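Numbering (full-length UniProt numbering), first residue to last: 1 to 337.
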């Protein structure tokens with residue numbers, strides 16, 4: 001009887017431990033986005049955190065996720081071209097057990113391995129804004145046709161120049177970034193120029209950064225100030241930098257500054273006469289399409305596929321015959337919609 005009495009407290013302790021362990025396991029599994037009771041987790045990896053374009057993309061993705069009852073986890077590289085930072089972000093999201101990853105790849109070759117590993121874990125990966133190379137490295141791409149956007153800008157600039165021979169300074173992105181290559185080549189195509197054209201009298205790699213573009217333009221004007229009549233820009237921050245450099249030399253009224261982005265500030269720059277035109281993109285459409293596709297995949301396993309063109313619209317207050325465009329009033333109402 002005494003021995004049985006001593007066993008009763010021991011059995012009670014063991015039972016309590018087993019119950020506590022079972023409760024801990026239940027709470028842990030409840031937060032699993034891969035089929036538990038928690039919200040669907042969606043990862044977003046942008047090229048940078050501070051570029052206004054990617055800020056808008058992130059805000060739109062967050063709003064779309066909230067509307068679907070999902071959770072968005074947003075990470076980014078430190079700068080445009082930070083492949084290591086994007087790889088670390090993808091690995092981080094895999095560890096957090098997201099159901100899908102939306103990525104704007106800086107250099108797709110640098111992140112293909114990480115994308116493949118995520119897919120091996122059952123995660124759907126979708127490109128936004130920038131296609132991967134090869135395109136089928138991801139399930140689908142929601143983006144601007146960047147070559148077409150460049151072509152629109154080139155066609156318009158050529159029409160505005162008229163018979164004047166173009167003397168172009170190019171504020172480019174990075175030789176390894178597909179979006180920069182596509183826009184640059186598309187612009188030359190629209191201008192009716194070959195890729196190796198001598199009409200480009202100067203160029204610089206800006207990483208799409210306003211300060212870098214301004215410094216580069218100031219340097220280039222040392223030998224091109226008496227010639228340049230067109231500045232092509234990979235995006236609007238680069239265009240603002242180029243414009244400031246031109247203004248400091250009193251050349252802003254003699255040179256066509258042309259850009260691609262369509263942000264609200266860029267539209268205002270068109271209205272103010274700083275930019276001759278910009279080509280508007282629609283990152284909200286990209287973000288919403290990507291988020292909705294991940295939610296659908298989480299719910300029934302259906303993956304999106306192919307390239308989904310989210311559109312590009314020429315914005316200018318000085319239209320030319322034969323080209324579709326919208327003015328800055330329309331642009332202000334629709335910027336980055």
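In this text, a Cβ means the ideal position worked out from N, Cα and C, and glycines have one as well.
Computed from a predicted model, the values in this text were never measured in an experiment.
Distance, residue j Cα to residue i Cα
i           : j           : result
residue 177 : residue 84  : 14 Å
residue 124 : residue 222 : 50 Å
residue 163 : residue 46  : 41 Å
residue 211 : residue 238 : 8 Å
residue 174 : residue 68  : 36 Å
residue 103 : residue 255 : 36 Å
residue 157 : residue 95  : 48 Å
residue 167 : residue 113 : 41 Å
residue 219 : residue 245 : 9 Å
residue 129 : residue 249 : 35 Å
residue 73  : residue 145 : 27 Å
Reference residue i; option with closest CA among the options
i           : options            : result
residue 232 : 254, 316, 200      : 200
residue 198 : 206, 188, 205, 207 : 188
residue 79  : 49, 61, 96         : 49
residue 191 : 39, 319, 165, 224  : 165
residue 39  : 70, 66, 53, 57     : 70
residue 301 : 100, 182, 43       : 100
Cβ-based burial, residue i [other Cβ within 10 Å; buried from 16]
i           : result
residue 195 : exposed
residue 307 : exposed
residue 105 : buried
residue 226 : exposed
residue 109 : exposed
residue 4   : In this predicted model, residue 4 has a pLDDT of only 43, less than 50, meaning its place in the structure is not dependable enough to derive any value.
residue 86  : buried
residue 214 : buried
residue 304 : buried
residue 60  : buried
residue 321 : exposed
CB contact below 8 Å: residue i versus chain C
i           : result
residue 268 : Absent here is chain C; the protein component of the structure consists of one chain.
Helix, strand or coil at residue i according to DSSP, with G and I counted as helix
i           : result
residue 71  : strand
residue 251 : coil
residue 318 : coil
residue 44  : strand
residue 100 : strand
residue 260 : strand
residue 211 : helix
residue 23  : For residue 23, the predicted structure reports a pLDDT of 32, less than 50, and the residue's modelled location is therefore unreliable. A value from the coordinates is still provided. Three-state result, residue 23: helix.
residue 205 : strand
residue 307 : strand
residue 278 : strand
residue 233 : strand
residue 197 : coil
Are three or more beta carbon pairs between the stretch 150-159 and the stretch 306-314 nearer than 8 Å?
yes
Inter-stretch contact (C-beta, 8 Å, three-pair minimum) for the stretch 134-148 and the stretch 203-210:
no
Is there contact between the stretch 265-275 and the stretch 286-304, where contact requires at least three CB pairs shorter than 8 Å?
no
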